[in-house]
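Novice:
Number of protein chains: 2
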Amino acid sequence: MTTRDSHWKSLFAPDSVAIIGASNTRGSWGYGIMRHLLTSDKRKIYPVNPTAKKILGIPAYESVVNIPGVVDLAVIVVSAPKVPQIMQQCVQKGVKAALVVSGGFAETGKQGSKLEAELVKIAGEGGIRFIGPNSMGHVDTYSELCTLAWIGEITAGPVALISQSGNVGHRILHNGMSLGIGFSKFVSTGNEADLHLEDYLEYMAQDEKTKVITAYIEGLREGRRFLQLARETTIKKPIVAIKAGGTKESARAVRSHTATLAGSDAVYTAAFKQAGVIRVEDDDELCDVVTALLYQPLPRTSRVGILTIGGGLGVVAAEASEREGLEVAELTPSTIEKLNACLPPRWSHRNPVDMAGISLAENPTVFSALWALMEDESVDAILLQAPVGLSTKRLSAIFTKEEIKAFRESERNDLDLLRQRIPKHGKPILMVKPAVEFASDPEVFSLLRRERLPVYSTPRRAARVLNHLAWYKRYLDTNGKNG
Amino acid sequence: MTTRDSHWKSLFAPDSVAIIGASNTRGSWGYGIMRHLLTSDKRKIYPVNPTAKKILGIPAYESVVNIPGVVDLAVIVVSAPKVPQIMQQCVQKGVKAALVVSGGFAETGKQGSKLEAELVKIAGEGGIRFIGPNSMGHVDTYSELCTLAWIGEITAGPVALISQSGNVGHRILHNGMSLGIGFSKFVSTGNEADLHLEDYLEYMAQDEKTKVITAYIEGLREGRRFLQLARETTIKKPIVAIKAGGTKESARAVRSHTATLAGSDAVYTAAFKQAGVIRVEDDDELCDVVTALLYQPLPRTSRVGILTIGGGLGVVAAEASEREGLEVAELTPSTIEKLNACLPPRWSHRNPVDMAGISLAENPTVFSALWALMEDESVDAILLQAPVGLSTKRLSAIFTKEEIKAFRESERNDLDLLRQRIPKHGKPILMVKPAVEFASDPEVFSLLRRERLPVYSTPRRAARVLNHLAWYKRYLDTNGKNG
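In order, the protein sequence lines correspond to chains S and V.
With my numbering as the guide, the letters of the first sequence map in order to residues 94 to 576.
With my numbering as the guide, the letters of the second sequence map in order to residues 94 to 576.
#1: I'd like the list of long-range same chain contacts for D98/S, defined as Cβ closer than 7 angstroms, with 5 residues on each side in sequence excluded.
#2: Bridge partners for F279/V per DSSP, in chain order?
#3: State buried or exposed for P426/V, treating a residue as buried only when at least 16 other CB atoms are found within 10 Å of its CB.
#4: Taking Cβ-Cβ distances shorter than 8 angstroms, what residues in chain V pair up with V309/S?
#5: Just the Cα atoms here: how many angstroms apart are L166/V and E502/S?
#6: Please report the straight-line C-alpha distance between A528/V and S172/V, rounded to a whole angstrom.
#7: Could you pull out every residue in the same chain whose Cβ sits closer than 7 angstroms to the Cβ of A364/V, ignoring the five residues on either side in sequence?
#8: Can you tell me whether R372/S is helix, strand or coil according to DSSP?
#9: Find the residues of chain S that neighbour N268/V, judging by a C-beta separation of less than 7 angstroms, and give them in chain order.
#10: Give me the chain S residues within the contact set of V472/V, using Cβ-Cβ distance strictly less than 7 angstroms, ordered along the chain.
#11: Could you give the distance in angstroms between the alpha-carbon of G283/S and the alpha-carbon of I491/S?
#12: Could you tell me which residues DSSP puts in a beta bridge with F223/V?
#13: Is the Cβ-Cβ distance between Q181/S and I215/S less than 8 angstroms?
#14: By DSSP, does P445/S sit in helix, in strand, or in coil?
#15: Would you say M94/V faces chain S, with C-beta separation under 8 angstroms as the test?
#16: Could you pull out every residue in the same chain whose Cβ sits closer than 7 angstroms to the Cβ of E315/V, ignoring the five residues on either side in sequence?
#17: Starting from P516/V and walking both ways along the alpha helix (DSSP H), at which residues does that stretch end?
#18: Return no unless some Cβ of chain V is closer than 8 angstroms to the Cβ of E502/S.
#19: Spatial neighbours of V500/V within its chain, please: CB distance less than 7 angstroms, with the 5 preceding and 5 following residues excluded, ordered by chain position.
#20: For my contact list, L130/S and V110/S are in at a C-beta cut-off of 8 angstroms; report their separation, rounded to the angstrom.
#21: First and last residue of the beta strand (DSSP E) that includes S592/S?
#22: Out of S343/S, G407/S, A413/S and I265/S, which has the shortest C-alpha to C-alpha gap to S414/V?
#23: Relative to chain S, which residues along the stretch 477-509 of chain V have a C-beta separation below 7 angstroms, given in chain order?
#24: So if DSSP puts I244/V in a beta bridge, which residue, or which two residues, is it bridged to?
#25: What are the residues that DSSP puts in a beta bridge with K137/S?
#26: Using 10 angstroms around the beta-carbon of T571/S, count the other beta-carbons present and answer buried if the total reaches 16, otherwise exposed.
#27: Figure out for me which residue from S281/V, D377/V and E412/V has the closest Cα to the Cα of E311/V.
#28: Compare the C-beta of S343/S with all C-beta atoms of chain V and state if any pair is closer than 8 angstroms.
#29: Just to confirm the assignment, what range does the alpha helix (DSSP H) spanning L266/V have?
#30: Does the Cβ of G262/S have 16 or more other Cβ atoms within 10 Å, making it buried, or fewer, making it exposed?
#31: Which word fits A242/V, buried or exposed, when buried means at least 16 other C-beta atoms lie within 10 angstroms of its C-beta?
#32: Return the Cβ separation of E378/S and R557/S in integer angstroms, given the expectation that the two are a contact with Cβ distance under 8 angstroms.
#33: Please confirm whether V421/S has its beta-carbon closer than 8 angstroms to some beta-carbon of chain V.
#34: So, for P251/S: in the same chain, excluding its five sequence neighbours on each side, which residues have a beta-carbon less than 7 angstroms away from its beta-carbon?
#35: Might you give, ordered along the chain, the residues of its own chain that have their beta carbon closer than 6 angstroms to the beta carbon of D108/S, omitting 5 neighbours on each side?
#36: Below 8 angstroms on the Cβ atoms is my guess for V188/V versus G225/V; work out the distance and round it to an integer in Å.
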C-alpha cells in the first residue's frame, strides 16, 4: 500500500481544512483542534457545525458539502455512528484526505469493527486516504498544521514521531520539547483502519526535514514491510522505537486499546536488531537517545572514558557503564602522563579519572583533563560528570561577582574549543548532572543546549544511551557501508 | 566498636568548633566550611590559621592549643602530612571529636596508609573519635551544624544519609532537596580510619528525628555488625541503600577511592535481603523510594491498579508493572460496575483502567474512578496517570480563568478526600507525570508535595518503587511481627 504524493500533501500540508464537529465549547475536542488550526494563516479553515452560525468567530457551514471552495483535508470529530455518513459527504465534496479523531470503532468490539469496515469501504471507494479513527491528531511544524486538541504549540525541529497511542505521543512531544527537542511531524495513528504505521514510516523516511524518526509501537499490521522499510531507512537516518505490550497483561491491554496483536516480544527484539532500529523502553529513554543522536557523533566503539570530580561518582559511572554493556577504556601511558601534568597527585591514575576533589576555582583543569581523554586512542566516548555549566546561583555560594564573570569567560573559551574538537575527534561527550541542575534551571539549560551537550540525570541513563549509539554504529559499519 | 554518647554529641551537636585550616580564600575548602559554620549562632566557632589575624571577620588563632575556651569538635582542613601533628595538638587541647576533611591517606597508597595509621594511633591514645580522613564533611540540621564546603543550606527533615562518597552524598542531598526531601543528618564517611559506617548506622538508628536511613556503600569494614544492626533497625525504620562496585572496573575504582574491598555483589544482595535493606541502583532510585516511604503507606501485596487517561499509557504502565515484578490486579465485578457508572462506555472494562479520552473538563470523573479502585479488595496500590495537579499554564490552553478557578476548587475538594482516604484504605498512590510537569513547575510541585503525592517521570520508575515497598512489607510481615 502506497499513498500518492498528493494524498500526503493533503494530509500534512493542505491548502484548506474542514473541521466537522468544530465547537465553541471550551474543553471539547472540536474546540481545541479548531483553536490550533487557527494559529496558522497558511490555509483556509472551514468549521462545520449544523447548529452554530460561527465557530471561534469564523462562519460555520451546516455540512461539508456546503463549503464553497476546495477542501483538501477533512478533520472529523463527531460521534462514531455519524462518521460513515460524514465520510460519504466528504467523498461527495471531493475531499482528498481525512483525519478521523472520533473513537468508538474496532477498539470497542464487534459493533465498532463493523462501523470501521463501513468507514474503510466508503473512503476507499471515494478515493480518500485517512488517519485513524481513534486518532489524537497530527502535526507538521513546517507547513504549520496542527490538529491536536490538548497541547500548546509544537516546536519545529528534525524529529518525526509516529505513535500508536495519542497519549504516549503527547508525553513524548511534551517531554521532548522540555529537553529542547523539536519535531518535524507527528501522527497519532489511531486504529490504522486505512493508513498504517508503515505508510507513515515510508513518508517520513523520505521527508527532508526529518533527521531522526521515533515511534511508539503496540503492534504492526505489515511486519515484513516495516522491516524492509526500516532496513532501507536506518542506513540513512536513525529510527528510535518503543515497542510496548511485551508482557501478558500489557499485551491484553494492547488488544483493547488499538485492536492489534502485540506479538512475541522476542521476535520484535530480533527483527528490530536486524533492521537497525534502536529499541528503547520508555519515553524518557527515547528522548535520552534522540538528544545524543541530534547533538553528538556516533562513537567508533563502546570504549568509554569517565571524567569525574569524585571517586564515588567514578565508581557509580564505571558500574553503570559495565552493566549497560560498555567497556571502561584502559588509558594509554601518554594519557596518564598528560593527566599527571594537569591533575593533583591524588588523582586516580586510571579510568575512571577521578580528579580528586579539585575545587571549582580549578575549572580549567577539567578541560585540560578532557582534552587528554579526547586525544586517547583507546577512548571512543566520554562520560563527563564535572562542574561544567554551573548555575550562577551555585557559583554565588563560592565566588564573588567578579570571580563568577572570570569563571564564565574561561568556561566560554573552553566550551568554544570543545565545540570545535568534538567533530574533529568524532567522540561523543555525554554529561551527567542531577535533573534539578539542568531541566529545572533555565540558565544551565540554555547554556548546555547551545553547546549541544546532552545531559542525563544518572550515569546509568548516559551509559545506556552510549550503548545504543555504539550498537547503531556497529550496525551501520556492517550494513550501511557494505549492505 | 561503640562510641559513647558524649562523642556523638561533640561530633553532631558540639557547643564549640575549631576549624584548623580556616581560610579567607573564596573557592577553598577552609573558606567554604567556615562560611557554613557561621550560618548558625548555636555554638562558638574558632578559626585556626597560623598567618591570618581574622577569618571572615572572626579572630583567628595560631594553633588549636591557643584557643581560650573548650573545643568540642575540631574540623581539620590542612594538607595530609600536617594532620597527625594537628591531631596531636587537639589531644593536647582536650578536643573530644574531630572531622578530618584532608585527603591523601590510605586512598593514595602505602605512604598514605602509614600516615593514616599514625593518625589513628594519636587519636586513639588521646581519646578522640573522628570522621574521615578524606571526608567531605557532615551535617546535623537540628543542631544546625554543617561542615560542608560546596553546597547551600541543607533542608531539615526526617532522612539520614551515610555516604562512602562525598560527591555521591552531595548529589543525593541536592537531588533529594529538589524533590522536597529534608534531611536530619548527613555524613561523608571518608576513609573510615576510626569511625565506621556501622557506627553511624547505629547512631542514626537511635536518632528520633530520623525516620528513614539512606546510605551509599562501597565496602563494609564490619559486615557482620552491619547486618546485625540492619536487622534490628529495618523492623523500626527503613534503610535504603546503594551498594556500588558490583562490576570489575567499578570494584577496582572502589579500591583506589576509599581503599576498601567492594566484595561479591551476590553476597551483598543476599545479605541485604536477609536484613531488610531496600537496595537501589542510583540516587534517582534512592530518592524515588524515599519519597514513597515518607508520604505513602506500604501496600499489603504487590497487586496494582492502573488508572490512566489513555490506552497507550495503560499498556506501558502494565508492562512496566509486570517487568518490575508487580501483579496487574484483576478487578472485582463490583468495581467494574462502579466504573461503568462513572466512565464513558468506551472505557477498557479491565485493569489497566483506560478512561478512554475523557476531557479535562471531566476531571471529577478521575476521582470517582480512583475511589472505585481504592475500594477494590484485589487492589493494594495504585499507579495514577491522570490530569491531577495540572499547571495553570496547561489549563489556560483549554479553559477560561473562571473555569480554571472552578476546576481548582473541585480538585481541591477531591484532594482533601484523597488525603483522608489513603490512610483509611492503606493503599499507596503513586503518580506518573513527565518530569517537566512536576520538578520543573513550581506550582505543580508545591501542590503535589502538599498533598504528599509522590510523582515519577515514568511508569517504570513508579512500578520499581512499588515493588520495593511491597517487598519491604513482606519482609516486615515475616520478620517484624514474628521475628
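Just so it is clear, CB atoms sit at the ideal spot from N, CA and C, and this is done for glycine as well.
Specialist: According to the data block:
#1: Numbered from 1 along the first sequence, position 5 holds the residue referred to as residue 98/S. For D98/S, where only same-chain residues beyond five positions count, there are no Cβ hits under 7 angstroms.
#2: Counting from 1 along the second sequence, the entry for residue 279/V is found at position 186. Partner(s): V232/V and L254/V.
#3: Residue 426/V sits at position 333 when you count from the first residue of the second sequence. The residue in question, P426/V, is exposed, as its Cβ has fewer than 16 Cβ neighbours within 10 Å.
#4: As a position in the first sequence, residue 309/S is number 216, starting the count at 1. One detail in the question is off: residue 309/S reads as Tyr in this sequence, not Val. Here the neighbours are G405.
#5: What you label residue 166/V is simply residue 73 of the second sequence in a count that begins at 1. What you label residue 502/S is simply residue 409 of the first sequence in a count that begins at 1. Roughly 40 angstroms separates the two Cα atoms.
#6: The residue given as residue 528/V occupies position 435 in the second sequence. The residue given as residue 172/V occupies position 79 in the second sequence. Looking at the two C-alpha atoms, the distance is approximately 43 angstroms.
#7: Translated into positions along the second sequence, residue 364/V becomes position 271. Only L320 meet the Cβ criterion.
#8: The sequence position of residue 372/S within the first sequence is 279, counting from 1. In the structure shown, R372/S sits in a strand (DSSP, three-state: E or B).
#9: Numbered from 1 along the second sequence, position 175 holds the residue referred to as residue 268/V. Per Cβ cutoff of 7 angstroms: P527 and V529.
#10: As a position in the second sequence, residue 472/V is number 379, starting the count at 1. Result: empty, since nearest Cβ-Cβ is about 14 angstroms, beyond 7 angstroms.
#11: Mapped onto the first sequence, residue 283/S falls at position 190. Mapped onto the first sequence, residue 491/S falls at position 398. Distance between the alpha carbons of G283/S and I491/S is about 54 angstroms.
#12: Working through the second sequence from its first residue, we reach residue 223/V at position 130. DSSP output for F223/V lists A191/V as bridge partner(s).
#13: Start at 1 with the first residue of the first sequence, and residue 181/S comes out as number 88. Start at 1 with the first residue of the first sequence, and residue 215/S comes out as number 122. Yes; because the gap between Cβ atoms is below 8 angstroms, this pair is in contact.
#14: As a working note, residue 445/S is residue 352 in the first sequence. Of the three classes helix, strand and coil, the one that applies to P445/S here is coil, per DSSP.
#15: As a first step, residue 94/V is located in the second sequence; it is residue number 1 there, counting from the start. Residue confidence is low: M94/V scores 41 on pLDDT, short of 50, so the model does not pin down where it sits. Its coordinate-derived value is still stated next. Judged by the 8 angstroms Cβ criterion, M94/V is not in contact with chain S.
#16: For the purposes of this step, residue 315/V is taken as the residue at position 222 of the second sequence. Cβ neighbours of E315/V beyond the five flanking positions: H289 and E291.
#17: Taking the second sequence and counting its residues from 1, the one referred to as residue 516/V is at position 423. From DSSP, the alpha helix (DSSP H) with P516/V extends over K494 to H518.
#18: Looking up residue 502/S in the first sequence gives position 409. False, the Cβ-Cβ gap to chain V never drops below 8 angstroms.
#19: Within the second sequence, numbered from 1, the residue matching residue 500/V stands at position 407. According to the sequence as given, residue 500/V is Phe; it is not Val. Here the set comprises N456, L488 and F492.
#20: Along the first sequence, one-based indexing puts residue 130/S at 37. Along the first sequence, one-based indexing puts residue 110/S at 17. Yes, they are in contact, since the Cβ atoms of L130/S and V110/S sit about 6 angstroms apart, within 8 angstroms.
#21: With chain S covering 94 to 576 only, the question about residue 592/S has no answer from this structure.
#22: Position 321 of the second sequence, counted from the start, is the residue given in the question as residue 414/V. Here the closest residue by C-alpha is S343/S.
#23: A490, I491, F492, T493 and E496
#24: Within the second sequence, numbered from 1, the residue matching residue 244/V stands at position 151. The partner list for I244/V (beta bridge, DSSP) is empty, contrary to what the question assumes.
#25: One-based indexing of the first sequence puts residue 137/S at position 44. Answer by DSSP bridge pairing, in chain order: S109/S.
#26: Within the first sequence, the letter at position 478 stands for residue 571/S. Answer is exposed; the Cβ neighbour count stays below 16.
#27: Against the second sequence, residue 311/V aligns to sequence position 218. Looking at the Cα atoms, S281/V is the closest of the given residues.
#28: One-based indexing of the first sequence puts residue 343/S at position 250. S343/S counts as touching chain V.
#29: Stepping through the second sequence from its first residue, residue 266/V is reached at position 173. Here the alpha helix (DSSP H) through L266/V covers G259 to S271.
#30: Counting from one through the first sequence, the residue named residue 262/S turns up at place 169. Buried.
#31: The sequence position of residue 242/V within the second sequence is 149, counting from 1. Under this definition A242/V is a buried residue.
#32: Counting from one through the first sequence, the residue named residue 378/S turns up at place 285. Counting from one through the first sequence, the residue named residue 557/S turns up at place 464. About 7 angstroms separates the two Cβ atoms, so the contact holds.
#33: As a working mapping, residue 421/S is identified with position 328 in the first sequence. Yes, contact with chain V.
#34: Position 158 of the first sequence, counted from the start, is the residue given in the question as residue 251/S. Answer for P251/S: G275, S277, K302, T303, K304, V305 and L387, listed in chain order.
#35: Locating residue 108/S in the first sequence gives position 15, counting from the first residue. Taken in chain order, the residues that qualify are R136 and D165.
#36: What you label residue 188/V is simply residue 95 of the second sequence in a count that begins at 1. What you label residue 225/V is simply residue 132 of the second sequence in a count that begins at 1. Incorrect: roughly 14 angstroms between the Cβ atoms, too far for contact.
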